[in-house]
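In our numbering, the protein residues as written are 608 to 1389.
Please read the structure below before turning to the comments.
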């Protein structure tokens, strides 16, 4: 009876290839693999051809689905290949790590709201290169974050071995010694010896790590008691030295005794190459999963195939990549490998060769190659026979019916709500958003006046599988789950703004049962709400429901009385809400005023519009209110043609005078210029008032307000700013301007100087000499 330990790195084609060779030579009668025993029932699916990596084992707490963990695998993962090797030969295969049922009970459940942050990590905090399968706990940042602390020996054993060998790059050392090893003989014995030497200087494991290693030893002992003779153990290399003859069975049993267990379930979910990379935050990640996938698929002549792929990627983006440069890139990569005493070109040599030849030394195209080839956006597939909650099956059915195939690619989706299929897609995506399954991000609803268009940004993320499981607590179908979640959420709050947003979501998702109950909740909350800004914040969703409900084939009745009641209370409370504001509070109330104005603009007929306009005029004329608020109200009145240019000039004259502090006057101007610049260009009186006010400022006050004015005008488009600049350039001349043209009080012309130019002009043009000043014209000339 012998136990054969194979210490591996969790993702590596060379390591996987060597492992298969070693297992073939051993011909084991049982295979033990580091992984959660909770997933043993779904292991046989690995040999189902419909299960295409990258995929991940998902283990979750059935009572608290947000407490979940992923174990990612790629085609080049040693565990994946080992399990397939054993199952195809009917060799008993077991996972032997500490069960997640026990680990969940030892860890605090996550409290974050976002699904991507709800996934519990199962590995060390640091990014250890030879570790157990780990969890992707968040969306990948744009770039790989720099390390903030120096990793310990336990956290980075590969780094320690690479440093001892004189390598500055641990990935390069691993690739030379393992992934590109020409002779895999005694590879795993060498890895075992190296790790044993490292662990000799490290204190015994504690906490979760001690429990994990104790459970793995117990699993090995159980296989020995069952009489298996050739026991193959595949585990993270760091653990290999302590899994045999390290502790007694009694000590390990005592360590594991008395631990509470939770009820777990397991399944397979699609994964992506990008989530196998370090930059995703995955602790056991690799730098370039696309490169490792290429090495697995192309063990021979990998350099030629890699450069060819790079050329195709460049040509796809209409970039030059001639065949001659491809040949030169391969030759240069071979030369660099020879200079560096490497047996074959590695990724670094190929990068340098491609950048030099195909990219002309430019680094920008290399970003394309990095994203598309070195990492990649491949999304795995899972067979229908994999365990899934009913909600997952309903989502898959709807996806097939609406022809919405999930992909890892980030791409836009434009919908025309006049088309039945697009409208159904919109309803489906909005329902998923309600359930917290953010497959699509809602970007916009058409243009400024469009009611029939939506734009989404689509990206299927692996952690959505957890969000779907969690959402299944609300129901077995997307429709019923979305309704139940909205109904329960609405019954738990009296906040009017929250309720109106839920109502808006229910309309967008076409959930008439939820709309009906939410209308009653909104009506009840509106009757007792007192906060003016809260009332104003509730109007936009209600206005959208009233305006667009019929377009989306969603009944949205009885809204106008609610809107009119809210508006009446807003009109009464708004002047008081505008008193004694600082700059931040003024900006906030202006945002509420804008939202209310836009909401009323959506509705053709609503009682109280005239009262709203009247209160805006009162605010515009009240000197005690913050200048920015008065200016914004003045501008709204102008845009609605409730005041004309002369009246705006009067309001400007009341504000832009020597008595008003310059900062208050600048705030008023900031409020007035919000909106269309074309309207302002034609307000001559306003420009004259602004010019006169600026001329009266002394140097210190001018420097104080010029930055405020520059920021206020910076929001306009370039053509509008140019037109305003022309007005400012000419406005120094006395007179009145209409559309930028001076009409009176023109500067006096110097007639004597003009007379001296007339003879020359007459000669050049071949016309009779005009009558000069002070002379009498002949009858013929007249």
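The beta carbon of each residue, even a glycine, is placed where N, CA and C say it ideally should be.
Nothing here was measured: the structure is a model prediction, and the numbers come from that model.
DSSP places residue 870 in the coil class of the three-state scheme, outside both helix and strand.
Under the 10 Å beta carbon count, residue 1143 is surrounded by 16 or more other beta carbons and is classified as buried. Contact between the stretch 1137-1154 and the stretch 1205-1218 is established, with three or more Cβ pairs separated by less than 8 Å. Scanning its chain for C-beta atoms nearer than 8 Å, with the 5 sequence neighbours on each side dropped, one finds around residue 1320 the residues 1280, 1328, 1331, in chain order.
By the Cβ-count criterion, residue 1092 is buried, with 16 or more other Cβ atoms from all chains shown falling within 10 Å of its own Cβ. Between the alpha carbons of residue 836 and residue 807 lies a distance of about 29 Å.
In this model, residue 686 and residue 969 are separated by some 39 Å (Cα to Cα). Of 915, 805, 982, the smallest CA-CA separation from residue 769 is found for 805. Linking residue 848 to residue 826 through their CA atoms gives a straight-line distance of about 16 Å. Here the alpha carbons of residue 1257 and residue 1229 stand approximately 13 Å from one another. Assignment of beta-bridge partners to residue 843 by DSSP yields 615.
Taken through DSSP and simplified to helix, strand or coil, residue 1376 comes out as coil. The beta carbon of residue 1182 lies closer than 7 Å to those of 1222, 1225, 1226 in the same chain, with the five residues before and after it left out. Contact check for residue 798 and residue 844: beta-carbon distance about 5 Å, within the 8 Å limit, so the pair qualifies. Residue 637 and residue 706 do not touch by the CB rule: their CB atoms are close to 19 Å apart, not below 8 Å. According to DSSP, residue 1063 shares a beta bridge with 1020, 1049. Taking all protein chains shown into account, residue 1131 has fewer than 16 neighbouring C-beta atoms within 10 Å of its C-beta and is therefore exposed. The beta carbon of residue 1238 sits closer than 6 Å to the beta carbons of 1275, 1278, 1279 from its chain, once the five residues preceding and following it are set aside; these are given in chain order. Ranked by Cα distance from residue 1101, the options 1088, 1114, 1135, 1084 are led by 1135. In the structure shown, residue 1012 falls within a coil segment according to DSSP collapsed to helix, strand and coil. In this structure residue 951 is not in contact with residue 612, their Cβ atoms being roughly 29 Å apart against a cut-off of 8 Å. Straight-line measurement puts the Cα of residue 1196 at about 24 Å from the Cα of residue 1313. Between the stretch 1096-1111 and the stretch 688-702 there are fewer than three C-beta pairs closer than 8 Å, too few to call the two in contact. In the three-state reduction of the DSSP assignment, residue 1099 falls in the coil class. Cβ neighbours of residue 1081 within its own chain (closer than 6 Å, five residues either side excluded): 1088, 1091, 1092.
Where residue 771 is concerned, the enclosing alpha helix (DSSP H) starts and stops at 764-771. Residue environment: residue 763 is assigned as buried (16 or more neighbouring CB atoms within 10 Å of its CB, all protein chains considered). A contact is defined here as three or more CB-CB pairs under 8 Å, and the stretch 1065-1075 meets this definition with respect to the stretch 1038-1051. In this structure, the straight-line span from the alpha carbon of residue 1177 to that of residue 1139 is close to 6 Å. Taking a cut-off of 8 Å for Cβ pairs, the stretch 633-649 and the stretch 967-983 do not touch, as fewer than three such pairs fall below it. DSSP, read as helix, strand or coil, puts residue 795 in helix. For the pair residue 615 and residue 841, the CB atoms are nearer than the 8 Å cut-off. Between the C-alpha atoms of residue 1365 and residue 1254 there is a straight-line separation of about 46 Å. Counting of Cβ neighbours within 10 angstroms places residue 997 among the exposed residues, the total staying below 16. Here DSSP, grouped into helix, strand and coil, assigns residue 675 to strand. For residue 884, DSSP records a beta bridge to 893.
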